[in-house]
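K.L.:
Take this structure, written in structure tokens, and hold onto it; I'll ask about it next.
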Amino acid sequence: MNNRLLELLEQQGSEHYISGEQLSQALQVSRTAIWKQIKKLEAAGYRIEASRRLGYRLIDRPSKLTALELGAKLGEKGVAMIGGIRLFDEVDSTQNIAQRLAEEGAPEGTLVIAEQQTNGRGRMGRKWVSPSGKGIWMSFILRPGMPIHFAPQLTLLTAVALCRALRAAAAPLDIGIKWPNDLLVGGRKISGILLETTAEEERLRYVIAGIGISVNLTEDDYPPELLDIATSLRIQLGRELDRAEIVASFFAQFQQLYAVYQREGFAPIQTIWEALSVTLHKPTRLIVGGKATTGTPIGLNDQGALLVRMDDGAVVPLFSAEQVPPQG
11 MNNRLLELLE
21 QQGSEHYISG
31 EQLSQALQVS
41 RTAIWKQIKK
51 LEAAGYRIEA
61 SRRLGYRLID
71 RPSKLTALEL
81 GAKLGEKGVA
91 MIGGIRLFDE
101 VDSTQNIAQR
111 LAEEGAPEGT
121 LVIAEQQTNG
131 RGRMGRKWVS
141 PSGKGIWMSF
151 ILRPGMPIHF
161 APQLTLLTAV
171 ALCRALRAAA
181 APLDIGIKWP
191 NDLLVGGRKI
201 SGILLETTAE
211 EERLRYVIAG
221 IGISVNLTED
231 DYPPELLDIA
241 TSLRIQLGRE
251 LDRAEIVASF
261 FAQFQQLYAV
271 YQREGFAPIQ
281 TIWEALSVTL
291 HKPTRLIVGG
301 KATTGTPIGL
311 NDQGALLVRM
321 DDGAVVPLFS
331 AEQVPPQG
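Following our numbering, the residues of the sequence shown are numbered contiguously, the last one being 338.
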């Protein structure tokens, strides 16, 4: 029924309404059923205006990413690392798709992008708001062939590449990195990174790098409880951005930094990460192993751990912890 409903709305054009009664008669369903289908179209990224007196009109359609467009943008920026693009309208999680492809032998640089995720996830099993046609929900395969203890450095490298790409695309927004994997603007989250590894004999078989970027979401796309902690580039800038351009810009940055990392090690990445961090040298609460503590992050060590000066003056390296807002 959704396809037929969409046809009827499109026939009216963006300037004209069609009443709920007309839609009900044409589709031979109740007006309640029409309303439910309208909500499904809105969830898929269609903008539909409803008027009690006039009915419904289709204002805008979701802009879909295409392999042709992405390939052209990647080519313009000289990105050679992509080993194939897999586009989906809807998946549970791009991480799951990429992992299956990696197990089947897909090469490094295989990219999975979905218009919508029904069960997108972040660190610690958290769900990620990822409506259709409004963000960048993607995962790609890396096969670095290095010892497993280097994995945290790849997360930090990915954050640096993404931060630099978004700063360029969304100037003048002051976008920064919150350790270990979030990007913030004005203290609110716009992007998250999740790297999941599979190792064999203490060496990485492959890494799935998942990235979610809230690009063109509006405030209506967020549950009320998230509005104080999450935002989008569109909300902050007041305009929509080209998603394909952002994807290409990220991979141009990642390709460059990955080459530097493989050639020179972690030190150059560490320096850039520390310059882009928005949480260093600020007292913070940390959840470590389920227990809360306080300290001041002061930088990274050579392995990519966060160095935290605790209240007793001791400097402790942390590979896994959660920074949370101070109480009170």
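We put the beta carbon where it would ideally sit given N, CA and C, even for glycine.
Is Ala169 helix, strand or coil by DSSP?
P.N.:
Counting from one through the sequence shown, the residue named residue 169 turns up at place 159. Helix at Ala169.
K.L.:
Give me, in chain order, the residues of the same chain whose beta-carbon lies closer than 7 Å to that of Arg71; leave out the 5 immediate sequence neighbours on both sides.
P.N.:
Your numbering for residue 71 matches position 61 in the sequence shown. Closer than 7 Å at the Cβ level, and outside the excluded window around Arg71, lie Tyr56.
K.L.:
With DSSP collapsed to three states, give me the class of Ile48.
P.N.:
Indexing the sequence shown from 1 puts residue 48 at position 38. The answer is helix: DSSP assigns Ile48 an H, G or I state.
K.L.:
Alpha carbons only, please: which of Leu16, Pro154, Gln266, Asp102 is nearest the one belonging to Lys87?
P.N.:
Numbered from 1 along the sequence shown, position 77 holds the residue referred to as residue 87. Of the listed residues, the one whose Cα sits closest to Lys87 is Gln266.
K.L.:
Going by DSSP in three states, Val257 sits in which element: helix, strand or coil?
P.N.:
Taking the first residue of the sequence shown as position 1, residue 257 is located at position 247. Here Val257 sits in helix by DSSP.
K.L.:
One question on the structure: do Arg67 and His26 come within less than 8 Å of each other, judged by their Cβ atoms?
P.N.:
As a position in the sequence shown, residue 67 is number 57, starting the count at 1. As a position in the sequence shown, residue 26 is number 16, starting the count at 1. Cβ atoms of Arg67 and His26: closer than 8 Å.
K.L.:
Tell me which residues share the same chain as Leu8 and place their Cβ nearer than 6 Å to its Cβ, disregarding the 5 neighbours each side in the sequence.
P.N.:
One cannot answer for residue 8 here, as it falls past the ends of the chain, which runs 11 to 338.
K.L.:
At 3 residues or longer, and completely inside the segment 226 to 287: list those beta strand (DSSP E) runs for me, N to C.
P.N.:
If we require 3 residues or more, the segment 226 to 287 turns out to have no beta strand (DSSP E) run fully inside it.
K.L.:
Excluding sequence positions up to five away, which residues of its chain have a Cβ less than 6 Å from the Cβ of Leu111?
P.N.:
For this step, residue 111 is matched to residue 101 along the sequence shown. Answer for Leu111: Thr120, listed in chain order.
K.L.:
Residue ranges of each beta strand (DSSP E) run of no fewer than 3 residues wholly in the segment 180 to 231, ordered along the chain?
P.N.:
Taking only runs of at least 3 residues, the beta strand (DSSP E) segments lying wholly in the segment 180 to 231 are 185 to 188, 192 to 195, 198 to 210, 213 to 223.
K.L.:
Quick check on Lys301: does DSSP put it in helix, strand or coil?
P.N.:
Mapped onto the sequence shown, residue 301 falls at position 291. The answer is strand: DSSP assigns Lys301 an E or B state.
K.L.:
What would DSSP say about Glu86, mapped onto helix, strand or coil?
P.N.:
For the purposes of this step, residue 86 is taken as the residue at position 76 of the sequence shown. DSSP places Glu86 in helix when its eight states are reduced to three.
K.L.:
Can you check which of these residues, Gly275, Ile107, Val139, Pro117, is closest to Asp231 by C-alpha distance?
P.N.:
Mapped onto the sequence shown, residue 231 falls at position 221. The option with the nearest alpha carbon to Asp231 is Val139.
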